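Take the sequence shown: its letter number 276 is residue 276 in UniProt numbering, and every next letter is one higher.
All C-beta atoms in this analysis are idealised placements derived from N, C-alpha and C, irrespective of residue type, glycine included.
Only a predicted model underlies this, so the values are computations on that prediction, with no experimental measurement involved.
Working notes for the structure below.
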Amino acid sequence: MPGVKIFAVVHFTEDDSVDVVRSTWLIKVVDDNGYTTTETRWPQQNMAKHVKNGTQPASNWTSHPVRLMTTSDDYLHARKKADEAQFTSNLSSEEQLGEGPTSRKRKPVASWSSSDEGPSPPHQKAPKVRTPFPATAHDEDQDLPRAVPPTKRTVPEIDEVLERKILRELATIRMELVDIKKTQERLSTMLYTITKQDSQPVDLPQLDLPVKSMQEFSNLERKCENHTFAGNLIQSLSAIGGNEVVQLTKRMLRRTLSDTVAKLFNWKGKNTMKSPFSGTQICSIMMKAVKANRGTATASDHEVEEVIKTWLRFAAERDGGRQKRVEHKKKETEPAAASTSTSTSQIFANNLPHFCPH
Numbered sequence: 001m002p003g004v005k006i007f008a009v010v011h012f013t014e015d016d017s018v019d020v021v022r023s024t025w026l027i028k029v030v031d032d033n034g035y036t037t038t039e040t041r042w043p044q045q046n047m048a049k050h051v052k053n054g055t056q057p058a059s060n061w062t063s064h065p066v067r068l069m070t071t072s073d074d075y076l077h078a079r080k081k082a083d084e085a086q087f088t089s090n091l092s093s094e095e096q097l098g099e100g101p102t103s104r105k106r107k108p109v110a111s112w113s114s115s116d117e118g119p120s121p122p123h124q125k126a127p128k129v130r131t132p133f134p135a136t137a138h139d140e141d142q143d144l145p146r147a148v149p150p151t152k153r154t155v156p157e158i159d160e161v162l163e164r165k166i167l168r169e170l171a172t173i174r175m176e177l178v179d180i181k182k183t184q185e186r187l188s189t190m191l192y193t194i195t196k197q198d199s200q201p202v203d204l205p206q207l208d209l210p211v212k213s214m215q216e217f218s219n220l221e222r223k224c225e226n227h228t229f230a231g232n233l234i235q236s237l238s239a240i241g242g243n244e245v246v247q248l249t250k251r252m253l254r255r256t257l258s259d260t261v262a263k264l265f266n267w268k269g270k271n272t273m274k275s276p277f278s279g280t281q282i283c284s285i286m287m288k289a290v291k292a293n294r295g296t297a298t299a300s301d302h303e304v305e306e307v308i309k310t311w312l313r314f315a316a317e318r319d320g321g322r323q324k325r326v327e328h329k330k331k332e333t334e335p336a337a338a339s340t341s342t343s344t345s346q347i348f349a350n351n352l353p354h355f356c357p358h
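Put into structure tokens, the structure is as follows:
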């Protein structure tokens, strides 16, 4: 008996589909009544890759009842047979495992005699015993059992002309969708440009940004109470550019606030000597400017808020706070080091032996 071929074309009885699997994925399921059925293991994803590579079934693979239709040592040949079987329920019986059709009789389910007393007990489904399908067949009993062919399907055959026509139509639809997407992108860009050109910004270059003192910050806050000024400042800040929320928000903060002013703020201003930034006009304008930018239009307030919090938290470090701490620590350690050096020298001198001249 020759060895079982590598690939198997099987009919999935659950959804009436046909596909190619590895012969080693097939298992026989036998219950106590002698009924034998066939199941195949099935991967969750990348099915074709697993079939070609001969992947061994994993624990998360599922099992499905199937009917073996034919086998092959060539994947492309098996794939072709599976595609053909999608439109016709019969393959040549000579192609099935290289043998003619065979069948196995199923043992009838035991019935209860009329002479039995009492009601018939309910039928209980016999437990299934699964045995792996062998990679090589040694005798006739190890052959995969031949299932009774189902009745011929009523699905009409699709000729090659119609199939090619359908494929051409699908390709045309796909190209049209690509064109529609490109057109939408162009229209979106044009609309953004027109909206930007129609607005009449105030003379923002006269602003001395970033603000370098709390007085300048207060002056800017008062100007932002004017809706026209605020709208044009939003447009100016959003035009800084950046396709990421973090990138654009940091650029706007650096454009608006110097580190000298930024270190005087935190988000809420609670339990510190710092002022709350969250309630300022500048903060509100920055939130709107991020969303006015095309690349960050879908940003949430929370995303912008987190960037501002972090940027304010490290303002003192950027303003030379770290360097000042290093210098201060250095000044503290220098006198101590000098004192330690003097004490060590004195101790060393006191321990030297005294030589008296003769």
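Nearest neighbour of residue i, chosen from the options [CA to CA]
{"i": "D301", "options": "W311, V290, R294", "result": "V290"}
{"i": "S284", "options": "V161, L233, D208, E327", "result": "L233"}
{"i": "D19", "options": "T55, M252, R79", "result": "R79"}
{"i": "V29", "options": "D179, I6, R67, P276", "result": "R67"}
{"i": "F265", "options": "W25, K288, I308, H227", "result": "I308"}
{"i": "N46", "options": "W311, T36, M214, P57", "result": "P57"}
{"i": "G295", "options": "N243, E39, C224, K165", "result": "N243"}
{"i": "K250", "options": "S72, E327, V304", "result": "V304"}
{"i": "V245", "options": "A292, E317, V326", "result": "A292"}
{"i": "M286", "options": "W311, M252, G269, I27", "result": "M252"}
{"i": "T40", "options": "K52, W25, D31", "result": "W25"}
{"i": "V261", "options": "R255, T280, M214", "result": "M214"}
{"i": "K288", "options": "Q86, T272, S236, K165", "result": "S236"}
{"i": "S72", "options": "K165, S23, Q184", "result": "S23"}
Residue i, DSSP secondary structure in three states
{"i": "S92", "result": "Because the pLDDT of S92 is 43, which lies under 50, any placement of that residue in the model is unreliable, and the number read from its coordinates should be weighed accordingly. Of the three classes helix, strand and coil, the one that applies to S92 here is coil, per DSSP."}
{"i": "L76", "result": "helix"}
{"i": "W311", "result": "helix"}
{"i": "K274", "result": "coil"}
{"i": "I166", "result": "helix"}
{"i": "L257", "result": "strand"}
{"i": "T38", "result": "strand"}
{"i": "E14", "result": "coil"}
{"i": "I240", "result": "coil"}
{"i": "K263", "result": "coil"}
{"i": "S218", "result": "helix"}
{"i": "S59", "result": "coil"}
{"i": "D319", "result": "helix"}
{"i": "G54", "result": "coil"}
{"i": "T183", "result": "helix"}
{"i": "S188", "result": "helix"}
Rounded straight-line distance, which links the Cα of residue j to that of residue i
{"i": "L248", "j": "W267", "result": "18 Å"}
{"i": "V21", "j": "N33", "result": "28 Å"}
{"i": "V211", "j": "N219", "result": "9 Å"}
{"i": "H64", "j": "R174", "result": "34 Å"}
{"i": "V161", "j": "R168", "result": "11 Å"}
{"i": "F314", "j": "S258", "result": "12 Å"}
{"i": "W61", "j": "P43", "result": "5 Å"}
{"i": "F7", "j": "K49", "result": "13 Å"}
{"i": "A171", "j": "E163", "result": "13 Å"}
{"i": "D83", "j": "T70", "result": "13 Å"}
{"i": "E216", "j": "T333", "result": "39 Å"}
{"i": "G54", "j": "Y75", "result": "11 Å"}
{"i": "S59", "j": "D159", "result": "41 Å"}
{"i": "L187", "j": "L207", "result": "34 Å"}
{"i": "E14", "j": "G241", "result": "55 Å"}
{"i": "A299", "j": "F12", "result": "47 Å"}
{"i": "T228", "j": "L209", "result": "18 Å"}
{"i": "T280", "j": "C224", "result": "10 Å"}
{"i": "T256", "j": "A239", "result": "14 Å"}
{"i": "V51", "j": "V9", "result": "11 Å"}
{"i": "E306", "j": "S278", "result": "11 Å"}
{"i": "R146", "j": "K81", "result": "Because the pLDDT of R146 is 45, which lies under 50, any placement of that residue in the model is unreliable, and the number read from its coordinates should be weighed accordingly. So the two alpha carbons sit approximately 18 Å from each other."}
Those residues which DSSP pairs with residue i across a bridge
{"i": "F7", "result": "R22, S72"}
{"i": "V161", "result": "Answer is none; V161 lacks a bridge partner."}
{"i": "V66", "result": "F12, T38"}
{"i": "V290", "result": "In the DSSP output, where bridge partners are listed per residue, V290 has none listed."}
{"i": "V246", "result": "According to DSSP, which records beta bridges pairwise, V246 is partnered with nothing at all."}
{"i": "V211", "result": "L257"}
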